[in-house]
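Residue numbers (our numbering): 314 to 560.
Data block below; observations after.
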């Protein structure tokens, strides 16, 4: 049986380790998906599988999507998205109670492509991941960058794990204000008791994004005070996470 934890050479003898191709979703949005060759794909999965327990310890109940299941076979397995989506809808509707006066809606622009290997390394180290495990993860990401991949390759389950741990920096902006929130990958909802608290929380999210090397998508980031619009956001077809399961 091959050693799944062994790193592969940064530059293969022949060909590329990663291929990036455009994919148009049913909504018309173009996503750049990464296909990895088998050896690098297995090495990437194994390197990230080694830090899954560390990552999951950092994630609170507000992180809904792409929760990983620990394993010992070097394969990254994510929890099914259908139950996660149902949980998102149930929790968001429950939290949108009478004491909520403003909904904080935030989205990260070009999220995975903006997450640099150095940020992944720092975040994993701060979370307490073993140094050797962090180095293997970063070596994979730098090899992918050599083949034109920006940030985290979109598509592999391993990238979802790394994205979740990096985005805990944005979760902290809500937690510091004591504002309940939910996060579906890089879509965030905060449930604030006033517009002032919503504005202060949003300022904190922007600062946290900058510290993480990210940028909020201002066209999708706002404060919602209209109860009708807020209810539509937490459970409607345009709510965060509504496109889950769509490639």
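Glycine included, C-beta positions come from ideal geometry on N, C-alpha and C.
This structure is a prediction, so every number in the text was calculated from the model and none was measured.
- In this structure, residue 368 sits away from residue 451, with a CB-CB distance that is not shorter than 9 Å.
- Here DSSP, grouped into helix, strand and coil, assigns residue 459 to helix.
- A Cβ-Cβ contact shorter than 9 Å links residue 426 with residue 345.
- Excluding sequence positions up to five before and after residue 361, its CB lies within less than 7 Å of the CB of 389, 450, 471, 474, 475, all in the same chain and listed in chain order.
- Look at the region 412-445 and you find these whole runs of alpha helix (DSSP H), each 4 residues long or longer: 424-427, 430-440.
- In the three-state DSSP reduction, residue 503 falls in the strand class (E or B).
- Per DSSP, the beta bridge partners of residue 335 are 345.
- DSSP places residue 509 in the uninterrupted alpha helix (DSSP H) bounded by 508-524.
- In this structure the region 398-407 touches the region 491-506; the number of beta carbon pairs closer than 8 Å is three or more.
- Between residue 543 and residue 416, the beta carbon gap of about 5 Å places them in contact (Cβ cut-off 8 Å).
- Looking at the DSSP output, residue 376 bridges to 496.
- The continuous beta strand (DSSP E) containing residue 537 extends over residues 535-537.
- Counting only the Cα atoms, residue 356 lies some 17 Å from residue 464.
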